[in-house]
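Reading the sequence shown from the start, the letters are residues 0 to 224 in numbering that gives the first Met the number 0.
We treat Cβ as the ideally placed atom computed from N, Cα and C, and that holds for glycine.
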Amino acid sequence: METGVIYKVQNLENERAYVGCTRNFPQRIGQHLLLSSSGDESLRFYPELKKYPEKFYFQILESGVTLCRLRERESYWINKLNSIECGYNECLYSGNEKISLIQVNEIKLILKTEKTKFSVIAEFFNIDASTISDINCGKAWYDPSITYPIRRSTVKRKKLSIDELRLIHELLSDTNISFSEIAAMFGWESESVIRKINAGIYSVKVLDDNSYPIRSIDSRKGSRR
């Protein structure tokens, strides 16, 4: 089971703090330093971090937190440290609200600098994997200064295990889930592998020939968009 950490960024001079959560603490530190030095102001403490980096320190508050509880524990520490009123945080995250612009920027950074699967990123932010795919392709929260797709993922590099193939078969059996949504769960922009598996022409099969296609490509959710 994948886990993450809750961390704190604190200004030693005024004792104001920012609480965040991440799967990779060292990498997140580097991201904060990189963004602040580039002039990004998406987080309140970035201008000060850019000007006085020596006045800030990064600390892990809690480790080994499952991904589904990261936002809950982040909110706990934000409350405990009062880092909205007396710090750099702007709001609490219950996990049920719509995605914020700050979260969108975090997702774009993860897509650019990490190889984390779309499905894992989606779980982290408690949103659909298809939303991650849309952000990656510029279909949602388009930024003219960004070259899309943010992450160029090629399905040819993906070697599917038998368990993954069985999972895809189960997903294909549910016609409420589109080909593109299934592809997005595996971090793929293209539906080609999903369509090959559905048709029974993928290099590995887990069903007999008579069981294909798993769903009709003319179904509402399976048709090309």
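In chain order, Y45, L48, K49 place their CB closer than 6 Å to the CB of S35, counting only its own chain and leaving out the 5 sequence neighbours on each side. The continuous stretches of alpha helix (DSSP H) do not include I5, which lies in the beta strand (DSSP E) extending over residues 2 to 10. Per DSSP, the beta-bridge partners of E61 are I5. G86 places its beta carbon 8 Å or farther from that of T2. Residue state for C90 is assigned as coil, using DSSP reduced to three classes.
In the displayed model, Y211 falls within coil according to three-state DSSP, outside both helix and strand.
For G19, there is no enclosing alpha helix (DSSP H); the enclosing beta strand (DSSP E) has its first and last residue at 16 to 21. For R27, the closest of Y56, I176, F117 by C-alpha to C-alpha distance is Y56.
At least 8 Å separates the beta-carbon of K116 from that of F178.
Looking at the DSSP output, F55 bridges to N10. Across the structure, V103 and I134 are spaced so that their CA atoms are roughly 8 Å apart. Taking a C-beta distance under 8 Å as the contact criterion, V205 and R151 do not qualify as a contact pair. Rounded to whole angstroms, R43 and E89 show a C-alpha spacing of 8 Å.
Per DSSP, S129 is one residue of the alpha helix (DSSP H) stretching across 128 to 136. A Cβ-Cβ separation of about 7 Å places V8 in contact with A16 under the 8 Å criterion.
A straight-line Cα-Cα distance of about 25 Å links S215 and T130. If you compare the alpha carbons of S118, I77, N125 with that of S99, the shortest gap goes to N125. P25 carries a helical assignment under DSSP once its states are collapsed to helix, strand and coil. In this structure, the CA atom of V203 is about 25 Å from the CA atom of A128.
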